[in-house]
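Undergrad: Chains as they are written, first to last, in the working numbering: chain A, 1 to 366; chain B, 1 to 366. Where is the CB? At the ideal position from N, CA and C, for every residue including glycine.
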């Protein structure tokens, strides 16, 4: 088992990465002992892992409650959140209750936000069961639900007490979700670490084949990179924004199509190509960089083009991005492979051009 | 103008208390300059003060948005909160937006919680316009909405950047609301400060007559007492729970009757008598103390008896109180006038007896 620590003073916590650690009592014991615990999971994950986590918590003496919600991004809404509150209140869960988020990014965000605001905040543990959640969303304390007007618009920074990433849960992960998770792995490389990007270019086939060694390294390195950034800038007043590389365009795709049409990782993948194209148009990098970005993303089996959506719609959707400041959309742009920067958009023409380079009609015209 | 500081390190903030300071530009300038600002208020307060606050913020260069919600405790629900989010998102309010809570406790709790979770947290300023909000709810960063299963069950600790308490707003306050505010003033005395309690016993008539000097002193002393407690225990892991004196019984009254039947302060008033009676039954104080508590509360024109609700209902409602731990309801009890303690309930008989001493049939039987 590998252990990484997110250094956040009084709120510091461990990330445990290993095989079959989902029901390792010792990992839950510091947070579950003698309390009540509520496991929040979904209809897809519950049949696979709920019983094991439930027995583990019960064996620790915790009065254990299961809360099973629908699968998918659509469940990240107020309606589902309220169902979680309802279950917690009916079971008389108090402020000492531990919430366990068992599932992918949607469950982590939803259960984490429930933990952030239930009785003004209770403890929670992340047990991510998708690659995307293991490499990204379970770490760093960002929790949220969606609003019809924008993704993750309602949320909180609320750090988990621990992250328990069981590699065995990836065995059952659908191919499409594995690829979506690789998008965030690639993001960490492109935005933060040139050497890791190079490693990814050399090991993409192994990752797609779920080679245990390659997956472990990719997860560990992603968590290390993210833990460093989060420790330096917990509430995203600066450097943490770089983790949103590809997300401004990506969120526009998700919101524009309606949540759940594209997986988050797929939208981020296309969004990273767009951001790279925009970086080149802003003169930050040469045109060979977006080509290299495109090649890597394509090799991961991820989309390098956006859906058929007019540029006006992208611009409109991006204007309410959370990174916006003084009414200006801001983008994370590449200064090189492995180095990124946050910039306010000043030139709409360049954004339109970048979008044009990443949509079908424009491609046909090239 | 009097200024008190809530010492919370990086989150420290001032409480300004004075007449006609609602539109003092200098008090808003550090937080509103050049940003967008959203004023959240209700249909009763808007006609009285909205225009003045709006012009003040606009004069500072802030793009200013008004969000007017319904009056009353019923507005502290998800539906109204979502309407606030909707208005913020439609106006493209970003993470730099300042939210101004203009109104009483309900507006402060609602707008404060909106600020806590909108885009994972934006700044807010409290402009309390009721006595209750000025002496209690606007200070300390507790924000929340109600849930059908319990009061303030969904919320966050989110400190304001400043509190601007304009005494002139109390001129228009209905008599019943003034009295409800005095309940929290009395609470600060009974739970924390014997000398202040004595001062209240000597000045209740002046307070009810809205004597400016007496009101200013009562507000300042309440804010000082609360600021000290909050600075020592921001997230209520210990001493801060003492500020809930009377609230365990009080919340049961509010939830049991349906929000809005009794004012919060009225429910707390009766709740304090119940808590004092329970303290005597637990042997912490002599029977003369509940009599003194009852006399002071009666002189403030506040209820000293609960509504006609069976003890079983109280017990049921109190079991989901936020102070509950390991399934046990906990009460703030008096050890003397001005000194209180948090205790787990061990003897249901004593609670029933205390309730019996504070309801009409029991009184008739005495």
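Return the chain-ordered list of same chain residues with a C-beta closer than 8 angstroms to the C-beta of residue 285 (chain B), the five sequence neighbours on each side being excluded.
TA: Along the second chain, read from residue 1 onward, the residue named residue 285 (chain B) stands at position 285. Within the same chain, residue 285 (chain B) has close Cβ partners 276, 279, 334, 335, 336.
Undergrad: Touch check for the stretch 140 to 147 of chain A and the stretch 189 to 204 of chain A: three-plus C-beta pairs under 8 angstroms?
TA: With a cut-off of 8 angstroms, the stretch 189 to 204 of chain A and the stretch 140 to 147 of chain A do not count as touching, because too few Cβ pairs lie within range.
Undergrad: In or out: residue 287 (chain B) buried (at least 16 other Cβ within 10 Å) or exposed?
TA: Working through the second chain from its first residue, we reach residue 287 (chain B) at position 287. Residue 287 (chain B) comes out exposed.
Undergrad: Can you check whether the C-beta of residue 245 (chain B) is within less than 9 angstroms of a C-beta belonging to chain A?
TA: On the second chain, position 245 is the one that residue 245 (chain B) refers to. Chain A, which has no Cβ nearer than 9 angstroms to the Cβ of residue 245 (chain B), makes this no.
Undergrad: In whole angstroms, what is the alpha-carbon distance linking residue 46 (chain B) and residue 113 (chain A)?
TA: In the second chain, counting from the first residue as 1, residue 46 (chain B) sits at position 46. In the first chain, counting from the first residue as 1, residue 113 (chain A) sits at position 113. Residue 46 (chain B) and residue 113 (chain A): Cα-Cα distance of roughly 32 angstroms.
Undergrad: Which residues does DSSP list as the beta-bridge partners of residue 36 (chain B)?
TA: To locate residue 36 (chain B), count along the second chain from 1; it is residue 36. Paired residue(s): B:63.
Undergrad: State yes or no: is the C-beta of residue 14 (chain B) within less than 9 angstroms of the C-beta of residue 162 (chain B)?
TA: Position 14 of the second chain, counted from the first residue, corresponds to residue 14 (chain B). Position 162 of the second chain, counted from the first residue, corresponds to residue 162 (chain B). Cβ atoms of residue 14 (chain B) and residue 162 (chain B): closer than 9 angstroms.
Undergrad: Within 10 angstroms of the Cβ of residue 261 (chain A), are there 16 or more other Cβ atoms? Answer buried if so, exposed if not.
TA: Your numbering for residue 261 (chain A) matches position 261 in the first chain. Exposed, since its Cβ has fewer than 16 Cβ neighbours within 10 Å.
Undergrad: Looking at chain A, is there any beta carbon in it that lies within less than 9 angstroms of the beta carbon of residue 66 (chain B)?
TA: Start at 1 with the first residue of the second chain, and residue 66 (chain B) comes out as number 66. Chain A contact via Cβ: absent.
Undergrad: Using a beta-carbon distance below 9 angstroms, is residue 118 (chain A) in contact with chain B?
TA: For the purposes of this step, residue 118 (chain A) is taken as residue 118 along the first chain, with counting starting at 1. Closer than 9 angstroms: yes.
Undergrad: Would you call residue 30 (chain A) buried or exposed, if buried means 16 or more other Cβ atoms sit within 10 Å of its Cβ?
TA: Residue 30 (chain A) sits at position 30 when you count from the first residue of the first chain. With fewer than 16 Cβ atoms within 10 Å of its Cβ, residue 30 (chain A) is classed as exposed.
Undergrad: Could you check the C-alpha separation between residue 203 (chain A) and residue 183 (chain A) for me, to the nearest Å?
TA: Locating residue 203 (chain A) in the first chain gives position 203, where the first residue counts as 1. Locating residue 183 (chain A) in the first chain gives position 183, where the first residue counts as 1. Going by the C-alpha atoms only, they are around 14 angstroms apart.
Undergrad: Between the C-alpha atoms of residue 224 (chain A) and residue 227 (chain B), what's the straight-line distance to the nearest angstrom?
TA: Counting from 1 along the first chain, the entry for residue 224 (chain A) is found at position 224. Counting from 1 along the second chain, the entry for residue 227 (chain B) is found at position 227. When rounded, the distance between both Cα atoms is 40 angstroms.
Undergrad: Taking its Cβ as the centre, do 16 or more other Cβ atoms sit within 10 Å of residue 198 (chain B), making it buried, or is it exposed?
TA: Sequence index remark: in the second chain, residue 198 (chain B) carries index 198 (1-based). So residue 198 (chain B) counts as exposed.
Undergrad: With 9 angstroms as the threshold, decide whether the Cβ of residue 323 (chain B) is near any Cβ in chain A.
TA: Locating residue 323 (chain B) in the second chain gives position 323, counting from the first residue. At least one chain A Cβ lies under 9 angstroms of residue 323 (chain B).
Undergrad: How many Å lie between residue 324 (chain A) and residue 145 (chain B) at the Cα?
TA: The sequence position of residue 324 (chain A) within the first chain is 324, counting from 1. The sequence position of residue 145 (chain B) within the second chain is 145, counting from 1. Approximately 28 angstroms between the Cα atoms of the pair.
Undergrad: Restricting to runs no shorter than 3 residues, where is the beta strand (DSSP E) found entirely within the stretch 194 to 240 of chain B?
TA: Runs of the beta strand (DSSP E) inside the stretch 194 to 240 of chain B: none found.
Undergrad: Thinking just about the alpha-carbon of each residue, which of B:73, B:79, B:118 is nearest to the one in residue 92 (chain B)?
TA: The residue you call residue 92 (chain B) lines up with position 92 of the second chain. Closest option to residue 92 (chain B), Cα to Cα, is B:118.
Undergrad: So what's residue 106 (chain A) in DSSP terms, helix, strand or just coil?
TA: By one-based count along the first chain, residue 106 (chain A) stands at place 106. Helix.
Undergrad: By the 8 angstroms beta-carbon criterion, what residues does the stretch 44 to 56 of chain A contribute toward chain B?
TA: Cβ contacts with chain B: none found.
Undergrad: Span of the beta strand (DSSP E) holding residue 333 (chain A)?
TA: Within the first chain, the letter at position 333 stands for residue 333 (chain A). From DSSP, the beta strand (DSSP E) with residue 333 (chain A) extends over 330 to 336.
Undergrad: At a CB distance below 8 angstroms, what residues from the stretch 89 to 106 of chain B approach chain A? Give them in sequence order.
TA: Per Cβ criterion, the list reads 89, 90, 92, 94, 95, 96.
Undergrad: Counting only the same chain and skipping the five closest in sequence on each side, list residues whose C-beta sits under 7 angstroms from that of residue 11 (chain B).
TA: Position 11 of the second chain, counted from the start, is the residue given in the question as residue 11 (chain B). So the list reads 159, once near-sequence residues are dropped.
Undergrad: On the CB-based measure, 16 or more other CB atoms within 10 Å of its CB, does residue 150 (chain B) come out buried or exposed?
TA: Counted from its first residue, the second chain places residue 150 (chain B) at position 150. Its Cβ being crowded by 16 or more others within 10 Å, residue 150 (chain B) is buried.
Undergrad: Which chain A residues sit within Cβ distance under 8 angstroms of residue 144 (chain B)?
TA: Stepping through the second chain from its first residue, residue 144 (chain B) is reached at position 144. Near residue 144 (chain B) (Cβ distances below 8 angstroms), the residues of chain A are 120.
Undergrad: With 16 other CB atoms within 10 Å as the buried threshold, where does residue 61 (chain B) fall?
TA: Working through the second chain from its first residue, we reach residue 61 (chain B) at position 61. Exposed is the call here.
Undergrad: Going by beta carbon distance, what residues of the same chain come within less than 7 angstroms of residue 156 (chain B), once the five residues before and after it are set aside?
TA: In the second chain, counting from the first residue as 1, residue 156 (chain B) sits at position 156. Excluding sequence neighbours, residue 156 (chain B) sits near 113, 116, 117, 143.
Undergrad: Which residues in the same chain have their Cβ closer than 6 angstroms to the Cβ of residue 222 (chain B), if we skip the five residues on either side of it in sequence?
TA: What you label residue 222 (chain B) is simply residue 222 of the second chain in a count that begins at 1. Here the set comprises 135, 185, 188.
Undergrad: Kindly list the residues whose CB is nearer than 8 angstroms to the CB of residue 194 (chain A), restricted to its own chain and excluding five residues on each side of it in sequence; keep chain order.
TA: Stepping through the first chain from its first residue, residue 194 (chain A) is reached at position 194. Contacts found: 336, 337, 338, 339.
Undergrad: Please report the distance separating the alpha-carbon of residue 172 (chain A) from that of residue 90 (chain A).
TA: As a first step, residue 172 (chain A) must be located in the first chain, where it is residue number 172. As a first step, residue 90 (chain A) must be located in the first chain, where it is residue number 90. Whole-angstrom Cα-Cα distance: 33 angstroms.
Undergrad: Between which two residues does the beta strand (DSSP E) harbouring residue 7 (chain B) extend?
TA: Residue mapping note: residue 7 (chain B) aligns to position 7 of the second chain, counting from 1. Note, residue 7 (chain B): premise wrong, no beta strand (DSSP E); not H, not E.
Undergrad: Could you give the first and the last residue of the continuous beta strand (DSSP E) run that contains residue 341 (chain A)?
TA: Within the first chain, residue 341 (chain A) is the residue found at index 341, counting from 1. Element bounds for residue 341 (chain A): 339 to 344.
Undergrad: State the DSSP-derived secondary structure class of residue 98 (chain B), mapped to helix, strand or coil.
TA: Here the question's residue 98 (chain B) lines up with position 98 in the second chain. If DSSP states are grouped into helix, strand and coil, residue 98 (chain B) belongs with the strands.
Undergrad: Under a three-way DSSP split, which group does residue 16 (chain B) fall into?
TA: Here residue 16 (chain B) corresponds to residue number 16 of the second chain, with the count starting at 1. Correct three-state label for residue 16 (chain B): strand.
Undergrad: Using the three-state DSSP reduction, which class does residue 166 (chain B) fall into: helix, strand or coil?
TA: As a working note, residue 166 (chain B) is residue 166 in the second chain. It is a strand residue.
Undergrad: Which residue comes first and which comes last in the alpha helix (DSSP H) that contains residue 144 (chain B)?
TA: The sequence position of residue 144 (chain B) within the second chain is 144, counting from 1. Here residue 144 (chain B) belongs to no alpha helix (DSSP H); instead the beta strand (DSSP E) covers 142 to 147.
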